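Okay, structure first, notes after.
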Amino acid sequence: MYLLDWMTSDTEGVQGQNLASICSTPFPGRVSRACLGIAIWAAKICVVPHGRCPHGLKLPPLVTIALAHYQFEAIHPFLDGNGRVGRLLITLFLIDCQILPTPLLCLSAFFEASRRDYYDGLRAISERGAWNDWLEYFLLGVARMSEDALNRATRINGLLAEWQRKVSGESNNNPLRVVELLGANPFITVKGAADKLAIAFTTAQRAIERLERARIVKRVGDAKRDRVYCATALMDILEEPARLKPADNK
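The sequence shown begins at 29 in this note's numbering and counts up by one.
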């Protein structure tokens, strides 16, 4: 049932914590050792996709982090925030394994939307070692959230291309270059654009004003200096609820 030998003994329920009724947690004095044990186990067992793991090739990264996520939640090392940290570890692990170049995949929305299934899956491992069911659920979440991220990225790229066409006929390409910056961050300031593009402050200001006239960005806040502008259409895409159904079931 457990990944680590210590989980078979010296455990206790933690009163008042979300997973207390689902997992057995180690005594406080063994928590640090338990967390270290997960890290060592993951490093030894995981396949490194772009190079040979010095500890041997055994499990794919997605399977490794699915198992390790349960184990972290079973340890439950903090009084609060274990779920958030556990979900963050998934993303950080996949970046470290070079599966993700940046934090593009977040399973929080999937876990929250299927909260009952999430906790039932954790409980089933503790009660009867139902690892296969957990893996199916976890990998389904990866698939759904990957589809969602791809959908957002496609729409963002389309929007950026539309804006680039809109300002491509300008006498200089600075508005076009500012549009490219918006792809990395929908919020921008004149000083920030000037620094990143290595252009004069006034040149950056004219470029952003051109985007403002084209309704690509708009000013946010009432600051007289260091004004912040936002590409609100990009923010709308980033902030909309996750699509958790397959593309053919819209």
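Note that the Cβ used here is the ideal one computed from N, Cα and C, for glycine as well.
Please read all numbers here as calculations on a predicted model, not as lab measurements.
Residue i, buried or exposed, once every other Cβ within 10 Å from all chains shown has been counted against 16
i: residue 115; result: buried
i: residue 226; result: exposed
i: residue 203; result: buried
i: residue 102; result: buried
i: residue 18; result: Residue 18 lies beyond the residue range present for the chain, which begins at 29 and ends at 278; the question has no answer from this structure.
i: residue 110; result: buried
i: residue 212; result: exposed
i: residue 248; result: exposed
Minimum Cβ-Cβ distance from residue i to chain B less than 8 Å
i: residue 97; result: In the structure shown, chain B cannot be found, because there is only a single protein chain.
As assigned by DSSP and simplified to three states, the class of residue i
i: residue 113; result: helix
i: residue 255; result: coil
i: residue 271; result: coil
i: residue 108; result: coil
i: residue 155; result: helix
Residues of its chain near residue i, where Cβ-Cβ distance is below 6 Å and the 5 sequence neighbours each way are ignored
i: residue 286; result: What the structure shows of the chain is the stretch from 29 to 278, and residue 286 is not part of that stretch, so it cannot be assessed.
i: residue 190; result: none
i: residue 214; result: 258, 259, 262, 263
Segment limits, beta strand (DSSP E) that includes residue i
i: residue 245; result: Taken as a continuous stretch (DSSP letters only), residue 245 belongs to no beta strand (DSSP E), as it is neither H nor E.
Enclosing alpha helix (DSSP H) for residue i [first to last residue]
i: residue 186; result: 159 to 195
i: residue 90; result: 89 to 103
Cβ shell of residue i (< 8 Å), same chain only, five flanking positions each side left out
i: residue 117; result: 93, 96, 97, 100
i: residue 197; result: none
i: residue 169; result: 135, 138, 139, 142
i: residue 217; result: 254, 255, 256, 257
i: residue 232; result: 202, 206, 218, 219, 221, 222, 225
Close-in-space but distant-in-sequence residues of the same chain around residue i (CB under 7 Å, 5 per side omitted)
i: residue 242; result: 194, 195
Residue i CB to nearest heavy atom of the ligand GTP below 7 Å
i: residue 154; result: The model on display carries no ligand, and the ligand GTP is accordingly not part of it.
Check your understanding: Hey, which unbroken runs of the alpha helix (DSSP H) at 4 residues or more fall wholly within the region 206 to 243?
Key -> 218 to 225, 229 to 241
Practice item. Can you check the region 116 to 153 for any beta strand (DSSP E) of at least 3 residues that lies completely inside it and give the ranges in chain order? Key: none
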